[in-house]
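Residue numbers (full-length UniProt numbering): 1 to 127.
Where is the CB? At the ideal position from N, CA and C, for every residue including glycine.
Small disclaimer: the values here were computed from a predicted structure and weren't measured.
Since the structure comes first, as C-alpha cells, the remarks are kept for the end.
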C-alpha cells in the first residue's frame, strides 16, 4: 500500500485516531488485563506524533496490520487482508505489525525485517 493514495477524503485518519487515543484517560476498548499507559508516556508519545506529522505523507493505510491479516502470495510477497481502511502512513501499519511479532524477535529486529520487506523507513517505524 506504499504510495497508494486514499480512495476518499472521508476515510478516518490514523493521526486523529492516535491523538484521541493518547489523550483518553479512560479508553473503553483495551484488551482484558491491559491498563492505560501513564500520562507521562502518553504525553511523550503525543510529542513524537507531532514530530512525525511535521512531514506527514498521507496515503492508504490498512489500520489493523497483524500476523493474522497477512497472506503470502505464490511469489513470496505479503498481502494484507481485512483492512480497517484509514489514511495515514504505511510505517504505522509496519510499526503495529512489528510490535505484534516482537514476541519471537527483538523489537528492533522485527521493525528492521518489516521495513525491509515493505521497503519502508525503519526509523519512522521504530519511532
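Of all C-beta pairs linking the stretch 37-51 to the stretch 81-89, fewer than three are shorter than 8 Å, placing the two stretches out of contact. Residue environment for residue 62: buried (at least 16 other C-beta atoms within 10 angstroms of its C-beta).
If you check the CB distance, residue 66 and residue 116 do not come in under 8 Å.
Look at residue 115 here: in three-state DSSP terms it is helix.
Annotated as distal: residue 49 and residue 79, with beta-carbon spacing of 8 Å or more. For residue 60, the enclosing beta strand (DSSP E) has its first and last residue at 59-61. Of the residues assessed, residue 91 falls on the buried side of the cut-off, its CB having 16 or more other CB atoms within 10 angstroms. Restricting attention to 56, 31, 95 and 68, the CA atom closest to the CA of residue 16 is found in 56.
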